[in-house]
Amino acid sequence: MSRDVAVLGAGMHPWGKWGRSFIEYGTIAARTALEDAGVDWRDVQSIVGADTVRGGYPGYVAGATFAKALGWQGARVTSVYAACASGAQAINTARTQILSGLADVVLVVGADAAPKGFFRPAGGDRQDDPDWLRFRVLGATNPAYFGLYARRRMAVHGDTLEDFAQVKVKNAASGALNPYARYRKTVTADEVAASAVVADPLRLLDICATSDGAAALVLSSMDFARRHGQPDPVRIRAVSTVTPQFPQTVLDLPDIATDSAAAVEPPGRTFRASIAHAAYEEAGIGPEELSLAEVYDLSTALELQWYEDLGLCAAGEGAKLLREGATSPGGRVPVNSSGGLASFGEAVPAQAIAQVCELAWQLRGTAGERQVAGARAGITANQGLFGHGSAVVAVR
Amino acid sequence: MSRTRTPVVADWFSGEGENFRLLGTQCGDCGAVFFPREDAFCRNPGCTGGELAEVPLSKRGRIWSYTDGRYRPPLPYVSDPDAAWEPYTLLAVELEAERMVVLGQAVPGVTTADLEVGMEVEAVPGVLNEDADTTWTTWHFKPVSTR
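Quick mapping for you: the protein sequence lines, in order, are chains A and B. According to my numbering, the first sequence holds residues 2 to 397 in order. According to my numbering, the second sequence holds residues 348 to 494 in order.
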């Protein structure tokens with residue numbers, strides 16, 4: 002039995018700082034995806050919203066919020082939250098409903114309106130919330146963790162600030178070609194080096210911004226796609242939503258310490274590597290078969306880490322892979338052909354969905370100037386706060 | 348007027364001077380160590396769950412990584428909004444016996460230029476911030492070589 006679901010439609014609202022409601026962005030992305038799919042909203046049987054914690058109550062019930070905005074039509078509704086992995090969880094929920102026969106065609110929507118500056122925890126005095134504690138006790142912002150990872154790579158693998166800067170240069174060049182990206186300018190290594198240090202050794206242009214944005218997908222069963230006149234659609238073949246294994250020995254946001262490995266040996270794969278491994282196992286393909294990858298470049302250094310965790314190269318060889326040009330446009334496996342978070346900034350619940358939109362356009366061959374020639378298979382990868390893995394494999 | 352000295356989080360550390368230690372808990376059944384402390388349940392999935400007893404963590408460890416905060420963090424981190432922001436240094440420290448990495452701020456005055464991955468540091472008492480009535484205490488990491 003095929004475990005594929007069809008990507009009938011993909012749509013986005015451009016990323017930026019637009020000063021409007023996440024509902025507006027999400028509704029525009031949803032309408033764009035429905036139009037792309039050629040599906041009438043009234044024929045959608047289920048809607049899944051990826052929640053935002055920044056829009057008050059409507060953000061916590063995003064599925065219903067978007068259903069109401071599009072016009073109540075009685076569809077089954079789900080709202081999910083998994084921090085940065087929310088979008089992938091929404092996709093997986095839709096896919097599960099389709100594969101179980103609960104629905105033939107499902108709309109997935111994620112949207113955010115981000116505040117200026119650092120993300121911060123919810124208010125109040127909450128000593129039992131690790132996210133609150135890391136700010137109260139350590140002042141540890143998200144970029145502080147990115148800085149720790151980056152310095153560790155420099156010490157262990159010999160990565161350089163120039164390597165990190167070249168990730169930004171690469172991604173900015175692709176983002177300049179993407180009409181949905183927030184930053185559409187090429188960037189030079191000198192410009193990265195001249196930007197302010199935020200969290201040593203990382204500079205402003207090494208770290209992704211926080212953005213407004215929205216992305217949506219129309220997913221369906223393969224039967225529905227055939228009846229709908231799309232016998233050969235882009236297919237989602239795997240969605241990995243794994244959690245870590247104890248002891249989790251890689252420092253993760255928002256933790257103040259790793260687990261101790263004194264009593265139990267750590268698992269053979271790190272958490273991030275296990276995210277990709279589960280996706281490959283489910284899809285029945287390996288990294289050598291990928292045409293492209295979209296990874297969560299919260300920082301430039303983290304993109305290099307993903308190369309290794311996705312198995313695009315051996316541990317410690319991420320910078321070498323970059324220097325060889327393997328992950329650049331025209332390379333063996335272009336990474337972040339969309340421009341990545343470097344060019345978008347993060348719109349949390351929309352981002353993992355946006356990654357899949359890019360795969361869909363690339364696999365259809367409609368990515369314009371960003372097109373990866375002959376793209377047949379792609380993976381997305383991301384990691385949400387509090388132990389949420391996410392990776393999606395799509396094929397054509 | 349004297350302020351009351353209060354730990355920013357209860358029972359995460361104790362002692363003064365040489366006797367200062369971070370406090371974790373250890374499962375009496377499987378031996379797993381937890382920091383921040385787990386007091387209700389052992390998180391080892393292969394453990395049926397023993398009594399969790401308080402244990403002091405190793406005083407010394409080696410720098411796993413380090414960074415700093417060049418911009419003022421948002422609340423609930425407390426800083427004087429009228430004063431110029433003074434960057435602080437953040438360390439991730441690997442404790443050999445516990446086989447874990449713990450975060451902590453460096454003692455004031457230590458900058459990233461003073462540090463290297465692998466350098467030995469020790470946990471020492473520190474002050475996070477002060478308000479009208481309270482001196483909020485915390486732990487800091489201090490390079491052993493600069494004592």
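Ideal Cβ placement from N, Cα and C applies to all residues, glycine included. Bear in mind that the values here come from a model prediction, so they are computed numbers and not experimental data.
Determine the direct distance from the alpha carbon of L299 (chain A) to that of A123 (chain A), and round the result to whole angstroms.
-> 21 Å
Best match in A:Q74, A:R21 and A:D41 for proximity to R55 (chain A) [C-alpha to C-alpha] = A:R21
Candidates A:V138, A:P59, A:P232 and A:A156: which alpha carbon is nearest A112 (chain A)'s?
-> A:P59
Buried or exposed for Q128 (chain A), please, with buried defined as at least 16 other CB atoms from any protein chain shown within 10 angstroms of its CB.
-> exposed
Are V393 (chain A) and I92 (chain A) closer than 8 Å when you measure CB to CB?
-> yes
Please name the residue, chosen from A:A263, A:A320, A:G317 and A:L342, that lies closest to R446 (chain B) on a Cα-to-Cα basis.
-> A:A263
DSSP on L475 (chain B), reduced to helix/strand/coil?
-> strand
Would you mind working out which of A:S329, A:R96, A:T189 and A:R135 sits nearest V107 (chain A), comparing C-alpha positions?
-> A:R96
Specify the secondary structure class of G64 (chain A) as computed by DSSP and reduced to three states.
-> helix
Starting from the Cα of G371 (chain B), find the closest Cα among B:F388, B:P455 and B:L404 and give me that residue.
-> B:L404
Consult DSSP for C314 (chain A) and reduce its assignment to one of helix, strand or coil.
-> coil
Any 3 or more C-beta pairs closer than 8 Å across the stretch 332-340 of chain A and the stretch 155-175 of chain A = yes
Opening and closing residue of the alpha helix (DSSP H) in which A194 (chain A) lies | A190 to A195
Determine, using beta carbons only, whether V265 (chain A) and P245 (chain A) come nearer to each other than 8 Å.
-> no
Measure from the alpha carbon of A190 (chain A) to the alpha carbon of each residue in A:L205, A:G385, A:Y181 and A:A200, then state which is nearest.
-> A:L205
Report the neighbours of T161 (chain A) on chain B: residues whose CB is nearer than 9 Å to its CB, in chain order.
-> Neighbours of T161 (chain A) on chain B: none; closest Cβ ~15 Å, over 9 Å.
Thinking just about the alpha-carbon of each residue, which of A:G10, A:G118, A:H14 and A:D130 is nearest to the one in T142 (chain A)?
-> A:G118
Interface residues of chain B facing W398 (chain A) [CB-CB closer than 8 Å] = With chain A covering only 2 through 397, there is no way to say anything about residue 398 (chain A).
Spatial neighbours of P268 (chain A) in its chain, beta-carbon cut-off 6 Å, leaving aside the 5 residues before and after | Q246
Does any C-beta atom of chain B lie closer than 8 Å to the C-beta of S338 (chain A)?
-> no
Contact check, S344 (chain A) vs N179 (chain A) under 8 Å by CB: the rounded distance?
-> 7 Å
Are the stretch 438-455 of chain B and the stretch 349-356 of chain B in contact at 8 Å, needing three or more beta carbon pairs?
-> no
Count the CB pairs spanning the stretch 82-92 of chain A and the stretch 43-57 of chain A that are closer than 8 Å, and state whether there are at least three.
-> yes
Run through the stretch 308-355 of chain A for me and flag every whole beta strand (DSSP E) of 3 or more residues, listed as ranges in chain order.
-> none
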